[in-house]
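Residue numbers (this note's numbering): 2 to 127.
In structure tokens, the structure reads:
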């Protein structure tokens with residue numbers, strides 16, 4: 002399993018706040034042939050209706066191996082400022098050929114989304 006992390010800086014509370022953080026990949030050891038090559042997070046905060054807040058991690062993963070991958074994907078764990086886990090969501094790709102890229106989008110919606118201060122991305126494949 003490959004795991005990468007990113008942080009969301011402190012944000013100002015307003016009617017609509019969009020934050021974008023390009024997070025570098027650290028500690029990448031590719032053992033499955035499936036690797037995240039970029040990722041970022043966008044947090045949209047609606048203070049008038051917290052139910053509509055969204056934290057979305059978008060990125061690109063690639064098959065670095067010589068064989069097609071079946072059932073590969075990413076899991077994103079969202080954390081608050083104190084390091085408490087808020088939730089985990091994932092997205093998967095049915096098939097990814099050699100040297101192919103896959104764009105993913107994993108969202109946390111609702112009251113917890115505006116609390117996101119950090120996230121981690123893990124890969125999985127069958």
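Glycine is no exception: its CB is placed at the ideal position from the N, C-alpha and C atoms. As the structure is a computational prediction, the values presented were derived from the model and not from experiment.
Boundaries (first-last residue) of the beta strand (DSSP E) holding residue i
| i | result |
| --- | --- |
| residue 74 | 70-80 |
| residue 122 | 119-125 |
| residue 102 | 102-110 |
| residue 86 | 86-97 |
| residue 60 | 55-64 |
| residue 130 | The first residue shown for the chain is 2 and the last is 127, placing residue 130 beyond what the model contains. |
Counted within 10 angstroms of its Cβ, other Cβ atoms place residue i as buried (16 or more) or exposed
| i | result |
| --- | --- |
| residue 122 | buried |
| residue 29 | Any reading at residue 29 is ruled out, since the residue's pLDDT is 37, under 50, leaving its predicted position unreliable. |
| residue 71 | exposed |
| residue 104 | exposed |
| residue 98 | exposed |
| residue 42 | buried |
| residue 82 | exposed |
| residue 17 | Low confidence applies to residue 17: its pLDDT is 27, below 50, so where it sits in the model is not reliable enough to give any reading. |
| residue 124 | buried |
Beta-carbon proximity check, residue i vs residue j, cutoff 7 Å
| i | j | result |
| --- | --- | --- |
| residue 92 | residue 107 | yes |
| residue 76 | residue 89 | yes |
| residue 94 | residue 74 | yes |
| residue 58 | residue 45 | no |
| residue 87 | residue 113 | yes |
Cβ pair count under 8 Å reaching 3, the segment 108-118 against the segment 61-69: Here the segment 108-118 makes no contact with the segment 61-69; the two share fewer than three CB pairs at distances below 8 Å.
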